[in-house]
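A.B. asks: Pasting a structure below so you can have a look.
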Amino acid sequence: MSSEKLLNITINGMPVKVKDGATILQAAKKLGIKIPTLCYLELDCFHFEHRKGSCRICMVEVEGRRNLAPACCTPVMDKMVIQTHSPRAVNARRTVLDLILSDHPKDCLTCAKSGNCELQKLAADFKLTSVKYEGEQSTYDFDKANESIVRDLNKCIMCRRCESACNEMQTVGILSGVRRGFEAIVAPTLEKPLDETNCVFCGQCVAACPVGALTAVIRNQDVLDALNDPKKTVVVQTAPAVRVAIGEGFGLKPGTISTGKLVTALRRLGFDAVFDTDFAADLTIMEETTEFIERVKKGENLPILTSCCPGWVKFFEHQFPDLIHIPSTAKSPQQMFGAIAKTYYAQKLGVDPKDLVVVSIMPCLAKKYEASRPEFARDGIRDVDIVLSTRELIIMLNEAGIQLDRLEDGEYDSPLGESTGAAVIFGASGGVLEAALRTAADWLTGQDLEKVDFAAVRGLEGTKEATVEVAGMQVKAAVVSGLGNARRLLERIRSGEAQYHIIEIMACPGGCLNGGGQPYIRGNTAILEARMNAIYEADKGLPKRKSHQNPDIIKLYDEFLGKPGSHLAHELLHTHYISRGNA
Ligand code: SF4
Ligand code: SF4
Ligand code: SF4
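Going left to right, the sequence shown walks through residues 2 to 584 as my numbering numbers them.
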């Protein structure tokens, strides 16, 4: 096989053997040589590559060639001799950088990506002390009419990473290059604002964008205003995937579980109660599994599709309206939490729901959009009022001088703070489905089964399929993350080619641990593996690992909801979907 063939090349005087098909950049990496890049982005565990060589920052000298070659997209050839840091290559990079900066705003001090901007880092690495070319500047209006994403095209460097993320990885197809020359930008068709398109607000374009052209809507001030309002009771919920990533913002090793420190940090910020979205994840399993078992018994409306991910929900509403009857009608944990907080908890506290503010800390930008959907409000009172991403909370804690890494562990408040291992694994692709299988197996057999691990549905692969035995039944399951993989699976279901009983779909590759609101990973998929392993470790260490064994969930049904699938449960915890056109 040609991919196994090894080529002998020399880089900076050092011989190295590399596989046929490797690029100069990959070969240099093997020798520990760092060639600067900007437009290049690779997420190897998702087979995502963006190496179009458009920025020319990675130019190197190849012996025998007149022109410099972009290292990210030039394949090596046998006996190639390469100089990665010759004076000519370094000068060329510096000129490219000078030209990019000539048309880039110089507002680094106030840019939302400051400290996370790859262009800023390159300028620092090159020790640029002035901008060489003062050219004409682009002037575009901001696109910030939606709840999730801000587009500031004045900062766009035309690397087109967002376009690949949206079109190739997610297959949503919102972004493409428009206009020409100096005017060229990446934008939706007809340069419409995002909220007038099929955008699902997954935020994968924001995560891919190396500069401040795509950033998240920031709501920190709204939270501070609520905390400073003496008339308001302000409670916060923390999503499963936040606790395994937030430590990265404070220098902790990727994969460090910071649950207790996160609770203490939120208490120090002044929240009246700190609760856990994991509680609502257990609640989601109660409702979703009830629905799953009903459908299996009737043999209709299968496969059931999970509905926790608002990016995925908006995707099927636009792209697969003919299949709108198969997703579970259970709301996401974020929205279930809000609905229970504004009813059950508000009643217990004796607070008017109008004066109760629910803040969510999410790994996700689509959750910002989800909280604003018209159906998630009762009598004009929203279930969830403000959604912050993990990155926003890091900013907020830094502003408040709270060093999360130095804090003691705190405990969640009751009654919406108790959770099980089944809820913890919601943060990883496959977790929701595994949690549902744990409960389904017990409910169908009427036993407390020892088997809780369904390892076949774990891992970062984009599509996982397994047949698992649940109460003597062979359950055909699939787990998909990344909307491109979701599209391919749904097309097979639509054509009748694939048949399953249950499918979990998450918009972000790898699930929420790689959400669009998490600390940036910049192509380092080892960080995702560390986050995922931490999630499964946390699950393993918990005394209760099945949602239906959560004592506070049992109490919630006893005291308030009745039983799973009850009339009140339907009213508060279920939703409907909208067939949306293609825009
Ligand atoms: S948020 Fe997702 S769907 Fe919307 S433009 Fe970005 S990548 Fe595409
Ligand atoms: S918006 Fe960002 S990712 Fe997209 S082309 Fe511009 S700089 Fe690159
Ligand atoms: S996978 Fe998670 S983080 Fe990504 S859009 Fe869905 S809910 Fe949000």
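No residue lacks a Cβ here, since even glycine has one placed at the ideal position from N, Cα and C.
Among the residues of its own chain, which have a CB less than 7 Å from the CB of Asp-45, if the five just before and after it don't count?
C.D. replies: Thr-526
A.B. asks: Less than 8 Å separating the beta-carbons of Thr-285 and His-575?
C.D. replies: No, these two residues do not count as a Cβ contact at 8 Å.
A.B. asks: Gly-463: which of Ala-472, Gly-428, Ile-395 and Cys-509 sits nearest, CA to CA?
C.D. replies: Cys-509
A.B. asks: Apart from the five residues on each side of it in sequence, which residues of its chain come closer than 6 Å, Cβ to Cβ, to Ala-499?
C.D. replies: Arg-493
A.B. asks: Are the stretch 422-436 and the stretch 390-398 touching, with three or more C-beta to C-beta distances below 8 Å?
C.D. replies: no
A.B. asks: Do you know offhand how far Ser-3's Cα is from Asp-21's?
C.D. replies: With a pLDDT of only 47 at Ser-3, under the threshold of 50, the placement of this residue in the model should not be trusted, and no figure is reported.
A.B. asks: From Pro-544, Ala-246 and Glu-371, pick the residue whose C-alpha is nearest to that of Lys-315; which is it?
C.D. replies: Glu-371
A.B. asks: What span of residues does the beta strand (DSSP E) with Val-61 cover, start to end?
C.D. replies: Element bounds for Val-61: 60-63.
A.B. asks: Straight-line CA distance for Gly-252 to Asp-406?
C.D. replies: 8 Å
A.B. asks: Given that a residue counts as buried once 16 or more other Cβ atoms are within 10 Å of its Cβ, and exposed if not, what is Leu-484?
C.D. replies: buried
A.B. asks: Below 6 Å CB to CB, which residues in the same chain sit around Val-224 once its five sequence neighbours on both sides are set aside?
C.D. replies: Val-360 and Ile-387
A.B. asks: With distances taken between CB atoms, is the gap from Cys-206 to Cys-160 smaller than 8 Å?
C.D. replies: no
A.B. asks: Using three-state DSSP, classify Asp-142 as helix, strand or coil.
C.D. replies: coil
A.B. asks: Would you say Leu-357 and Val-236 are within 8 Å of each other, going by their C-beta atoms?
C.D. replies: yes
A.B. asks: What does Ile-503 pair with, by DSSP beta-bridge criteria?
C.D. replies: Ile-305 and Ala-478
A.B. asks: Beta strand (DSSP E) containing Val-297: first to last residue?
C.D. replies: Per DSSP, Val-297 belongs to no beta strand (DSSP E); it is in the alpha helix (DSSP H), 278-299.
A.B. asks: Can you give me the C-alpha to C-alpha distance between Leu-1 and Met-337, rounded to a whole angstrom?
C.D. replies: For the chain, the structure presents residues 2 to 584; residue 1 sits outside this window and is missing.
A.B. asks: DSSP three-state call for Ile-341: helix, strand or coil?
C.D. replies: helix
A.B. asks: Should Met-507 be counted as a contact of ligand 2 given a C-beta to heavy atom distance under 7 Å?
C.D. replies: Checking the Cβ of Met-507 against ligand 2 gives no.
A.B. asks: In or out: Asp-414 buried (at least 16 other Cβ within 10 Å) or exposed?
C.D. replies: buried
A.B. asks: Return helix, strand or coil for Leu-32, following the three-state DSSP convention.
C.D. replies: Looking at Leu-32 - three-state DSSP - the assignment turns out to be coil, as it is neither helix nor strand.
A.B. asks: Which residues bound the alpha helix (DSSP H) around Pro-552?
C.D. replies: Per DSSP, Pro-552 belongs to the alpha helix (DSSP H) from 552-557.
A.B. asks: Terminal residues of the continuous beta strand (DSSP E) containing Leu-44?
C.D. replies: Taken as a continuous stretch (DSSP letters only), the beta strand (DSSP E) holding Leu-44 covers 42-44.
A.B. asks: Tell me which residues share the same chain as Ala-340 and place their Cβ nearer than 6 Å to its Cβ, disregarding the 5 neighbours each side in the sequence.
C.D. replies: Asp-384 and Leu-573
A.B. asks: Thinking C-beta only, is Ala-246 closer than 8 Å to Pro-364?
C.D. replies: yes
A.B. asks: Do you know offhand how far Glu-50's Cα is from Glu-409's?
C.D. replies: 41 Å
A.B. asks: Looking at C-alpha atoms only, which residue of Gln-84, Lys-6, Asp-108 and Met-170 is the closest neighbour of Met-507?
C.D. replies: Looking at the Cα atoms, Met-170 is the closest of the given residues.
A.B. asks: With distances taken Cα to Cα, identify the nearest neighbour of Gly-300 among His-502, His-549 and Ser-177.
C.D. replies: His-502
A.B. asks: For Ala-23, which residues from the same chain have a beta carbon less than 6 Å from its beta carbon, with the 5 sequence-adjacent residues on both sides left out?
C.D. replies: Val-77
A.B. asks: Exposed or buried, Arg-244, counting other C-beta atoms within 10 Å across all chains shown (16 or more means buried)?
C.D. replies: By the neighbour-count criterion, in which a residue is buried when 16 or more other Cβ atoms sit within 10 angstroms of its Cβ, Arg-244 is buried.
A.B. asks: Can you find the residues in the same chain that come closer than 8 Å, C-beta to C-beta, to His-326, ignoring five residues on each side of it along the sequence?
C.D. replies: Asn-302
A.B. asks: Using C-beta distances below 6 Å, list every residue in its chain close to His-367, excluding the 5 sequence neighbours before and after it, in chain order.
C.D. replies: Just to set this straight, residue 367 is Ala in the shown sequence, not His. Within the same chain, Ala-367 has close Cβ partners Phe-202, Cys-203, Pro-311 and Gly-312.
A.B. asks: Can you tell which of Pro-231, Ala-487, Lys-355 and Ala-227 has the C-alpha that lies nearest to the C-alpha of Pro-328?
C.D. replies: Ala-487
A.B. asks: Under DSSP, the alpha helix (DSSP H) around Val-433 begins and ends at which residues?
C.D. replies: 432-446
A.B. asks: Rounded to whole angstroms, what is the Cα-Cα separation between Gln-1 and Lys-156?
C.D. replies: Residue 1 falls outside the range modelled here, since the chain spans only 2 to 584, and no answer is possible.
A.B. asks: In this structure, does DSSP put Ala-23 in helix, strand or coil?
C.D. replies: coil
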